[in-house]
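Position one of the sequence shown corresponds to residue 1 (full-length UniProt numbering), numbered consecutively onward. By construction, the Cβ of each residue, glycine as well, lies at the ideal position given by its N, Cα and C atoms. These numbers come from a predicted model, not from an experiment.
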Amino acid sequence: MALYESSDSALWEAALDEYPARLQGLGKERLVDLDDFYRVELVKTLKERGNAGYVTKDELVKIVDWKLTRGKWRPRLLGYAKDAAETDIIETSKRAFAALPDVQSAIKILSELKGIGPATASAVLAAHSPNLAPFMSDEALAAALKGTKDYTPKKYAELAEALTAKAKDLGCKSTGEPWTPSDVERAIWSDDAKGRQKGVSKTASKAAPKGAAKGDAKSQRGKGSGGATDAKAAGLPAAKGPEKDTTSGSAAADLTKGSSKRKAVSRERLARNVKSKS
Numbered sequence: 001m002a003l004y005e006s007s008d009s010a011l012w013e014a015a016l017d018e019y020p021a022r023l024q025g026l027g028k029e030r031l032v033d034l035d036d037f038y039r040v041e042l043v044k045t046l047k048e049r050g051n052a053g054y055v056t057k058d059e060l061v062k063i064v065d066w067k068l069t070r071g072k073w074r075p076r077l078l079g080y081a082k083d084a085a086e087t088d089i090i091e092t093s094k095r096a097f098a099a100l101p102d103v104q105s106a107i108k109i110l111s112e113l114k115g116i117g118p119a120t121a122s123a124v125l126a127a128h129s130p131n132l133a134p135f136m137s138d139e140a141l142a143a144a145l146k147g148t149k150d151y152t153p154k155k156y157a158e159l160a161e162a163l164t165a166k167a168k169d170l171g172c173k174s175t176g177e178p179w180t181p182s183d184v185e186r187a188i189w190s191d192d193a194k195g196r197q198k199g200v201s202k203t204a205s206k207a208a209p210k211g212a213a214k215g216d217a218k219s220q221r222g223k224g225s226g227g228a229t230d231a232k233a234a235g236l237p238a239a240k241g242p243e244k245d246t247t248s249g250s251a252a253a254d255l256t257k258g259s260s261k262r263k264a265v266s267r268e269r270l271a272r273n274v275k276s277k278s
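In structure tokens:
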């Protein structure tokens, strides 16, 4: 990806700044609220819990919901989170957080929960330690590890290392705040989403009828009132024009002669009636 190859912090910051707009561009109403919970509220809550931190069942369900809503929807994964026991979630997340900074071990521990794979586990870790553990998104994986689809704890460790290196390479933002691996992931996702949303916009533009007014004018100049053209466009049979007289010339002459004879007979009868009355 072009952005990933760049070391221009301003370029990356522009992509990161567009992240909220890219979320809204997906047209998913709940996503903005879920993302605010995930990136702001949850991060603050976990920080307050300190080293002995954990996530609750409700928090895990929302994390899974956020992941699926921002990415590919897989309802069964959300069902697994809802069915999990609260005590299992709390104890497992405690052990995972305690394993940090060994992200590979932490991923393995969280993956003990049914329905929680490396990608979802990384979302939990990223909420707890955004400076250490980025979310394992499809977009980040494609950019940093050249399109690999190997979602394993080992690959996650490689991804975390790559995004951490990129964050160090970028240094600080214009605000003076240092880049984090999680910032890098969001900028990558935002840049990719922008490209996809532009593609959808262009496709819609191409699909729209061009020169509609011009087409209407042409139809008015077509045969008749343009009914045939409009009917063809609508998939309807064209209206027929006035019927032509198909009577042959000789037949028409015979009809004329017959009409004259009938008129002569009528005049003769009228004359006789007048005579008889007089």
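Item	Value
Neighbourhood of residue 53 by C-beta, 7 Å cutoff - its chain only, sequence neighbours within 5 removed	46, 97 and 128
DSSP three-state assignment for residue 178, whether helix, strand or coil	strand
Sequence-distant residues of its chain with Cβ nearer than 7 Å to residue 209 (five each side left out)	Only weak support is given to the placement of residue 209: the predicted model assigns it a pLDDT of 47, under 50, and the question is left unresolved by the model.
Alpha-carbon to alpha-carbon, residue 39 and residue 110	20 Å
Touch test, the stretch 137-145 against the stretch 81-96, Cβ-Cβ under 8 Å, three pairs minimum	no
Alpha-carbon to alpha-carbon, residue 15 and residue 3	9 Å
Within 8 Å, strictly: CB atoms of residue 283 and residue 100	One cannot answer for residue 283 here, as it falls past the ends of the chain, which runs 1 to 278.
Of the listed residues 77, 64 and 166, nearest to residue 115 (C-alpha basis)	77
Residue 118 vs residue 152 beta-carbon contact at 8 Å	yes
Alpha carbon of residue 20 to alpha carbon of residue 95, nearest angstrom	33 Å
Identity of the residue in 5, 31 and 13 nearest residue 178 by Cα	13
Rounded C-alpha distance that separates residue 155 from residue 142	12 Å
Within the stretch 8-56, ranges of the alpha helix (DSSP H) (whole runs, at least 4 residues)	9-17, 19-25, 29-36 and 42-49
Residue environment, residue 122, which counts as buried when at least 16 other CB atoms sit within 10 Å	buried
Whether residue 163 touches residue 9 by CB criterion (8 Å)	no
Among 72, 28, 55 and 29, nearest to residue 41 - alpha-carbon criterion	55
Nearest-angstrom Cα separation, counted from residue 180 out to residue 44	16 Å
Residue nearest to residue 189 in terms of C-alpha spacing, selected from 106, 28, 157 and 23	23
Other residues of its chain near residue 187: CB distance less than 6 Å, five sequence neighbours each side excluded	12, 15 and 16
Residue 3 - DSSP class collapsed to helix/strand/coil	helix
Counted within 10 angstroms of its Cβ, other Cβ atoms place residue 72 as buried (16 or more) or exposed	exposed
Through-space distance from residue 106 to residue 130, alpha-carbon basis	14 Å
CA-to-CA distance, residue 32 to residue 49, given in whole angstroms	25 Å
Residue 103 versus residue 25 - alpha carbon distance	32 Å
Nearest-angstrom Cα separation, counted from residue 134 out to residue 183	8 Å
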